[in-house]
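Chemist: What follows is a single structure, and I will ask about it in a moment.
Chains as they are written, first to last, in this note's numbering: chain D, 1 to 366; chain B, 10001 to 11134.
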């Protein structure tokens, strides 16, 4: 029957014009259409509650185990050893910040021994290292030891325009304002042994910061030191060439600009030998400060911080308590929903009734 | 030189200049000059010039527009980049971006890395550019295809017609078009192969009318056998887009007479030649100057209502943005000044804050604008465009919308409106019905017959005349497949023609034993087969005159001579013939026939009245002379013929009535019932009379009337019952229960419709108010009637249907259109009968300004084009009435039924999807901006973004955009099956419940919550141990925002499928991989922002993971809770 054959062929042809009837093209792949109601949400709240509270407790305990001792040495704590009744801050202010140095000694006691690795930080408060202009005032290419003029971002500390006209090395406001107090600790009369190595990111030291070739010439003659610096970059840690110039770890730490106006930066690590084999023993200590860095002009504060650490980092109970709080809220929600669920179960859920249709029939005209 | 005669013409477009002297111009073959008011086409065969192609090239260079090459492309290779860029910068969004990029280059303001800031705009420009390029290539290809079609052109050197491409034709060429070929340009007919000097044209491509049009050779060429070898010149209108008018004057170089030519002599580009073997013609307008192409250039752009919402919310966002910027700038100034004159010692303040305070304030405000720019999600317009095109693509692939063709879409900006249609204005014929006629019955001499066996055996002259009229009074022609079998008794030629009624009636006559078996222009042979099928008698009728159908007379007639008798057979609308019946007709017969007409109409049949008369020779001779004068008249040709026709079409003898059914399309009753349940009001606009319209409406379940029980419940109605469309209410109800509807919907459908007839209301009004019918008080009558109806509707509990006819409608439209529409808008359905195309258009235009909801117009014919164009959303049904509606429509579907899926499923989906996309974009951008803003509180309001510039720019445009776009394409707030089963759920989108005024604010509050959690949890978790640096902290924030936003999409969508999950995972992977690579590679990419190894170090911290887990869950908890409470208590979709 030729006629039928033809129609079949036509049929085939028509079919081929249609979109291919595959599961993918016709969207018949598995899909899940969850309708989140109080019922389905109940287990979710329960699970959140049951997991968050224990997590919170663990985090709080971890944080509590971290020991920390902060010493604010901005003003009254730090009385000048040379001028009577003068804080070091006042001494600097009196000298109009022209490079005056001041030394002070602060006695304090540790009630508990700080076991394990102990870290020493300096902290600055109310110091906007994240200010837009400040954050950009650097030249990463220069810090890589590359030749070439300092980037314009370094303005107004790009080059010594009033004097020699040479570029600053390192240039920029961040480098210029490098923290330059010297902090050392005495346990009784014994110097607490510390190291200034390993305090910066290892990747920073290895990759991001490189001294140029012929570094001593570069820092001393072809470039100027930043205006606020007392020493050139090549004099930062002369005995240790690996830790000198741009690769000085104190400098690298400072150059990683802090995200918050209250910040601390790692200053030294405890070198665990002899007396300090197990960390810092409890007892009386003396902090010797060489006070160079002025902060009073912007109501800033300076701190010296001794801290141990944990797998969660330093001391911070905030996150743990947050977990506990949200966990409790979820448990309460669970209970409330559970009760409501029990009471509502009798009534059918409100459906879209005829009444609403009729209301909508007279579609309002304006 | 020429003596110019200025002939003022009535035509609006141009003044004609008749050039008496053709010598000069005729020196150039095929030259034409298009000066301001003079358009000439000269033709001269003798001048011997270069061969065709060479000439053509030259000509094209000189007068580019006059070749027949069409070009619809917008660009060429050279102009693409500048022109496309120029066009793209007309968009506010792009200007906004460009201005911000420009500001970023100002050193004082600079907030982002300069090069990175270019990325989003470049990406947008490139994507849009590629899209435009692809579209233009498509146009270029179709142009090339059209331009390369072949036709025959007269070659002067060889003096023959040679093959030639369309694009190589030019004004003044003579072309030969053969049967079934398309006319390549607007040409003036010069000669025709038919001896009547006419030709038939199928103009469906131009005006959508399917009946053939007759075109005639201008009188001056009638006696010229080879017009291609004469010299002449044509003066005519400038090229214009008016396809119905043309005026010209022809001058021959051999004499000085001027001969007129008009629209009857012009073949327009795009028409198809039918029947006639070939015609020759001279090209008058070519290429882009042809009337069709000029008239098709008007395109109006439509905008969906959701864009209004977007604009409103964009405004809100702008206000928030400005507020944040001014706040930030003010605080920044205050803080920097608070240090007093000590600022000079402060390491982080590098500029003097006391200099130029205003400048400082504004630069810092502008910097914040750059930083917070995504608060105003201008890119939303771009993503909307892309999403809509893809949405349309998905709709096009829906198998449920596909019958012979898949849905085609011409407007990509109104997808969401499909979910908000409150009113459907529907045509009847061809839209609700199949426009496929089925012969149902005849009523001859007061007796109904539905097939041949019912005919009486004995010869009845009335039946004879009736059937003869059906057989010959038409314009059908026939195709003889096996002419040699013509002698056989059962020979059945295949009837062809463009009037569907004619065809079906002609075929019906043939089935009744009166068979037209051959037809030429002069004679018709009709074979009469006796009732026993054994004997035949062929009678030849000589055609004396054919008075064709026209829409004002609404009838056609034919005058034939046989056996020395002259008969006039006529068929037409009842109203057009009844007044012309002779008094000798039996009054009872007349009444019975009218009654039958009513019956047929009630069953939804279309009926035509058939009559005849015998004409004496003298009468005919007298009349024919008048007729010929009329036919030769140059002015008012058609009116003159109509006048003449009216004079002969009198004293008619009634023969009978035919009934033809135009079946409803499959699925129409269910579709309409479903749409009604969905709360959509359907207005039926038909040219048919009230009874037919009502019965169709009833059958289509548009109304649910108390059914009159037919006493003659004979075979007629039983056949109609057996067909898919039901016409009785009992049947209707059973069908409704058979449909898979929810109970509420079924109850709703079973309600009886309360009918209000405008006419009777008007009459009652008149009786009450006791006024006389006067035109002067029409206005008052109209408005009072409308008020009356309004009262009626408000007290009525049942669904209401208003019925209005065209005559009343014209009064209404003249005096009280808005009031009427407002009142009618409260009715469930409105049926408008005897409505003209103009009235349809006007109704839609007024309704658009009155109704709050969107209006969809659906139709298939040229008479629906106005309505389709004016409506918010025009849908064309691909039918038998040509392509004009399809060209005008925003969407073109195969059947009315498609509306179901298109509106209830895809429309609702599109609306919810798009509104989710919009709200999410606002929320997500606001969250992002607020996180950055919070950071300003802790960096002295200085404008540090803390996020790396790359994240700042790519976060909203690349990293997080994908899942929501996937959701905008694949999310389904309800399943398709459910949308169709519970159509009342359409109310959800109809009333815009997924995007309400407060939706924006809810989302903004959510954004505030999320950003607060993200920022402050991160901040306080790291604050105490705050040796964290800016870039690490920025990465923390980015990571938290990323995870929160991605998971947010999963919570927000109502359906989680592979696309959303896949795109979420993909986005996350893109983000992580990008970050890891960037952080590994970028040691010194920019002078100050080098996140070398930042992410690696961050991932190694335990704190990081605990912080993120906490943020992820806490940030999403409120939305989750609110959603489950909402779903439990009052979600309309449950």
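Don't be surprised by glycine CBs; every beta carbon is placed ideally from N, CA and C.
Using a Cβ-Cβ cut-off of 8 Å, state whether residue 11035 of chain B counts as contacting chain D.
Modeler: As a position in the second chain, residue 11035 of chain B is number 1035, starting the count at 1. Not an interface residue.
Chemist: The beta strand (DSSP E) with residue 9962 of chain B in it runs from where to where?
Modeler: No information on residue 9962 of chain B is available, as it lies outside the stretch 10001 to 11134 that chain B covers here.
Chemist: Please determine, among B/10829, B/10974, B/10237, B/10861, the residue with the shortest C-alpha to C-alpha distance to residue 10694 of chain B.
Modeler: Counted from its first residue, the second chain places residue 10694 of chain B at position 694. The residue with the shortest Cα to Cα distance from residue 10694 of chain B is B/10829.
Chemist: Would you say residue 270 of chain D faces chain B, with C-beta separation under 8 Å as the test?
Modeler: Position 270 of the first chain, counted from the start, is the residue given in the question as residue 270 of chain D. Answer no: the Cβ-Cβ gap between residue 270 of chain D and chain B never drops below 8 Å.
Chemist: When you compare each of D/318, D/213, D/331, D/332 to residue 64 of chain D by their alpha carbons, which one comes out closest?
Modeler: Within the first chain, residue 64 of chain D is the residue found at index 64, counting from 1. Nearest option by C-alpha distance: D/318.
Chemist: Measuring only between beta-carbons, confirm whether residue 11084 of chain B sits less than 8 Å from chain D.
Modeler: Your numbering for residue 11084 of chain B matches position 1084 in the second chain. It does; some Cβ of chain D falls within 8 Å.
Chemist: Give a yes or no on whether the minimum CB-CB distance between residue 11071 of chain B and chain D is below 8 Å.
Modeler: Sequence index remark: in the second chain, residue 11071 of chain B carries index 1071 (1-based). Not closer than 8 Å to any Cβ of chain D, the Cβ of residue 11071 of chain B fails to qualify, so no.
Chemist: Residue 201 of chain D touches chain B at which residues, Cβ-Cβ below 8 Å?
Modeler: As a first step, residue 201 of chain D is located in the first chain; it is residue number 201 there, counting from the start. Here the neighbours are 11093, 11097.
Chemist: From which residue to which residue does the alpha helix (DSSP H) around residue 10041 of chain B run?
Modeler: For this step, residue 10041 of chain B is matched to residue 41 along the second chain. Unbroken run through residue 10041 of chain B is the beta strand (DSSP E), 10039 to 10043; no alpha helix (DSSP H).
Chemist: Tell me the rounded alpha-carbon separation between residue 10307 of chain B and residue 162 of chain D.
Modeler: As a first step, residue 10307 of chain B must be located in the second chain, where it is residue number 307. As a first step, residue 162 of chain D must be located in the first chain, where it is residue number 162. Each residue's Cα considered, the two are about 59 Å apart.
Chemist: Counting along the chain, where does the alpha helix (DSSP H) carrying residue 10997 of chain B start and finish?
Modeler: Within the second chain, residue 10997 of chain B is the residue found at index 997, counting from 1. Residue 10997 of chain B -> alpha helix (DSSP H) spans 10997 to 11012.
Chemist: As a quick exercise: from B/10245, B/10567, B/10354, pick the residue whose alpha carbon is nearest that of residue 10612 of chain B.
Modeler: One-based indexing of the second chain puts residue 10612 of chain B at position 612. Checked all of B/10245, B/10567, B/10354; the closest Cα to residue 10612 of chain B is B/10567.
Chemist: According to a CB-to-CB cut-off of less than 7 Å, which residues of the region 255 to 280 of chain D neighbour chain B?
Modeler: Residues passing the 7 Å Cβ filter: 256, 257, 258, 259, 260, 261, 262, 263, 264, 265, 266.
Chemist: Do you know whose CA, among D/264, D/94, D/282, lies nearest residue 199 of chain D's CA?
Modeler: One-based indexing of the first chain puts residue 199 of chain D at position 199. Residue D/264 is the option with its Cα nearest to residue 199 of chain D.
Chemist: Measure the alpha-carbon distance for residue 10562 of chain B versus residue 10467 of chain B and round it to whole angstroms.
Modeler: Taking the second chain and counting its residues from 1, one reaches residue 10562 of chain B at position 562. Taking the second chain and counting its residues from 1, one reaches residue 10467 of chain B at position 467. Those two C-alpha atoms are separated by around 15 Å.
Chemist: Applying the criterion that 16 or more other CB atoms from any shown protein chain within 10 Å of the CB defines a buried residue, is residue 11096 of chain B buried or exposed?
Modeler: Residue numbering aside, residue 11096 of chain B sits at position 1096 when the second chain is read from its first letter. Burial call: exposed.
Chemist: Please list, in chain order, all residues of the same chain as residue 107 of chain D whose beta carbon is under 6 Å from its beta carbon, the five residues on each side excluded.
Modeler: Translated into positions along the first chain, residue 107 of chain D becomes position 107. Here the set comprises 286.
Chemist: DSSP three-state call for residue 10279 of chain B: helix, strand or coil?
Modeler: Here residue 10279 of chain B corresponds to residue number 279 of the second chain, with the count starting at 1. Three-state DSSP puts residue 10279 of chain B in a strand.
Chemist: May I have a chain-ordered list of the beta strand (DSSP E) segments no shorter than 3 residues that lie completely inside the region 10228 to 10280 of chain B?
Modeler: The qualifying runs are 10232 to 10236, 10247 to 10252, 10258 to 10262, 10272 to 10274.
Chemist: Check whether the Cβ atoms of residue 10606 of chain B and residue 10662 of chain B lie closer than 8 Å to each other.
Modeler: One-based indexing of the second chain puts residue 10606 of chain B at position 606. One-based indexing of the second chain puts residue 10662 of chain B at position 662. Yes, these two residues count as a Cβ contact at 8 Å.
Chemist: Just checking my contact of residue 185 of chain D with residue 249 of chain D at CB under 8 Å: how many whole Å lie between their CB atoms?
Modeler: Here the question's residue 185 of chain D lines up with position 185 in the first chain. Here the question's residue 249 of chain D lines up with position 249 in the first chain. The Cβ separation is near 18 Å, so there is no contact.
Chemist: Taking all protein chains shown into account, decide if residue 10076 of chain B is buried (16 or more other Cβ within 10 angstroms of its Cβ) or exposed.
Modeler: For the purposes of this step, residue 10076 of chain B is taken as residue 76 along the second chain, with counting starting at 1. By the 10 Å Cβ count, residue 10076 of chain B comes out exposed.
Chemist: Using a Cβ-Cβ distance cut-off of 8 Å, determine whether residue 10400 of chain B contacts chain D.
Modeler: Taking the second chain and counting its residues from 1, the one referred to as residue 10400 of chain B is at position 400. No - not a single Cβ of chain D is within 8 Å of the one on residue 10400 of chain B.
Chemist: If residue 10890 of chain B and residue 10431 of chain B are in contact, beta carbons under 8 Å, what's the gap, nearest whole angstrom?
Modeler: To locate residue 10890 of chain B, count along the second chain from 1; it is residue 890. To locate residue 10431 of chain B, count along the second chain from 1; it is residue 431. Actually they do not touch by this definition, with Cβ atoms about 15 Å apart.
Chemist: Can you round the beta-carbon distance between residue 10501 of chain B and residue 10608 of chain B to whole angstroms, since I take them to be within the 8 Å contact cut?
Modeler: Locating residue 10501 of chain B in the second chain gives position 501, where the first residue counts as 1. Locating residue 10608 of chain B in the second chain gives position 608, where the first residue counts as 1. Residue 10501 of chain B to residue 10608 of chain B, Cβ: 7 Å. Contact.
Chemist: Does the pairing of the region 10585 to 10595 of chain B with the region 10674 to 10683 of chain B give three or more beta-carbon distances under 8 Å?
Modeler: Touching, no, given that fewer than three Cβ pairs across the two stretches are closer than 8 Å.
Chemist: Taking residue 11087 of chain B and residue 141 of chain D to be in contact with their CB atoms under 8 Å, please state how far apart those CB atoms are, rounded to whole angstroms.
Modeler: Indexing the second chain from 1 puts residue 11087 of chain B at position 1087. Indexing the first chain from 1 puts residue 141 of chain D at position 141. So it is a contact: roughly 7 Å between Cβ atoms.
Chemist: Would you decide whether residue 282 of chain D is buried or exposed? Buried here means 16 or more other CB atoms lie within 10 Å of its CB.
Modeler: Translated into the one-based positions of the first chain, residue 282 of chain D becomes position 282. Its Cβ having fewer than 16 others within 10 Å, residue 282 of chain D is exposed.
Chemist: Is DSSP giving residue 10392 of chain B helix, strand or coil here?
Modeler: In the second chain, the residue the question calls residue 10392 of chain B occupies position 392. DSSP places residue 10392 of chain B in helix when its eight states are reduced to three.
Chemist: Any residues in the region 11008 to 11035 of chain B with a beta carbon nearer than 9 Å to a beta carbon of chain D? Which ones, in chain order?
Modeler: From the region 11008 to 11035 of chain B, only 11017, 11019, 11020, 11021, 11022, 11023, 11024, 11025, 11026, 11027, 11028, 11029, 11030, 11031, 11032, 11033, 11034 have a Cβ closer than 9 Å to chain D.
Chemist: Flag residue 10352 of chain B as yes if its beta-carbon sits less than 8 Å from any beta-carbon of chain D, otherwise no.
Modeler: Counted from its first residue, the second chain places residue 10352 of chain B at position 352. For residue 10352 of chain B, the answer is no, since every Cβ of chain D falls outside 8 Å of its Cβ.
Chemist: What is the residue span of the beta strand (DSSP E) that residue 10663 of chain B lies within?
Modeler: Working through the second chain from its first residue, we reach residue 10663 of chain B at position 663. 10653 to 10664 is the extent of the beta strand (DSSP E) around residue 10663 of chain B.
Chemist: Exposed or buried, what is residue 10840 of chain B when buried is set at 16 or more other beta-carbons lying within 10 Å of its beta-carbon?
Modeler: Taking the first residue of the second chain as 1, we reach residue 10840 of chain B at position 840. Buried, by the Cβ-count rule.
Chemist: Does residue 316 of chain D have its Cβ less than 8 Å from a Cβ in chain B?
Modeler: The residue you call residue 316 of chain D lines up with position 316 of the first chain. Chain B contact via Cβ: present.
Chemist: Please identify, using Cβ separations under 9 Å, the residues of the region 10940 to 10969 of chain B that lie next to chain D, in order along the chain.
Modeler: Taking 9 Å as the Cβ-Cβ cut-off against chain D, the residues of the region 10940 to 10969 of chain B that qualify are 10940, 10942, 10943, 10944, 10945, 10946.
Chemist: When you compare the CB of residue 161 of chain D with every CB in chain B, is at least one pair closer than 8 Å?
Modeler: Residue mapping note: residue 161 of chain D aligns to position 161 of the first chain, counting from 1. No, no contact with chain B.
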